[in-house]
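Note that the sequence shown ends on residue 147 in the UniProt record's numbering; no numbers are left out.
The beta carbon of each residue, even a glycine, is placed where N, CA and C say it ideally should be.
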Amino acid sequence: MRRVDYIVGSRDFKGLIAEQFMQDAVYAYHPEDSAEALAQTMTEEGFGSVPIVDRDQHLLGIVSEFDLLHAIKEDRSLAGVPASDLMTPAPVTVKRETPAMEIIDRLEGKHLIRMPVVDEEGKLLGVVARRDILLGYLNATRQTKVF
């Protein structure tokens with residue numbers, strides 16, 4: 001579910017937090033999953049990256065389209081490459097209570113498209129994307145009609 005879809009008008013955008021923007025139904029993979037499986041999901045579902053987690057949902061890393069392209073460029077068969085070989089460990093994350101403007105700063109500062117949202121123990125809760133922030137802004141600042 002994308003929570004940002006339920007933000008409706010006349011809200012202080014700067015007061016919104018990651019939990020209100022994030023997608024909580026996230027495709028996540030394990031270190032031993034093949035790069036081919038990740039590529040399949042990423043192309044079919046339109047994701048630019050997927051989080052890599054352990055069995056307890058602790059975030060271990062992230063694999064992006066760039067990581068997959070780099071493996072192909074190196075003439076590696078994606079079917080034989082585990083996610084752990086490609087993932088960027090310890091990716092940039094936010095917590096559920098991270099304010100909107102801080103999310104924008106991190107996305108902009110690192111030229112990211114999306115970031116994992118984690119709890120205090122590092123467990124994956126969701127993902128927040130630039131598009132979610134933009135939609136949240138539009139929804140929060142849209143004038144609501146009064147009858």
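Across the structure, G46 and Q40 are spaced so that their CA atoms are roughly 10 angstroms apart. Within the same chain, and ignoring the five residues on either side of G48 in sequence, the residues whose Cβ sits closer than 8 angstroms to its Cβ are M42, S64, E65, I113 and R114. Inter-residue distance for M101 and K14 is about 6 angstroms (C-alpha atoms, whole angstroms). When DSSP reads this structure, A129 sits in a beta bridge with R114. If you draw a straight line from the Cα of A129 to the Cα of D75, it is about 31 angstroms long.
If you draw a 10 Å sphere on the C-beta of A90, you find fewer than 16 other C-beta atoms in it, and that means exposed. With fewer than 16 other Cβ atoms from the protein chains shown falling within 10 Å of its own Cβ, I72 counts as exposed. Taking the C-beta atoms as reference points, M87 is found nearer than 8 angstroms to I62. Looking from the CA of H70, the closest CA among A35, G126, V53 and L134 belongs to A35.
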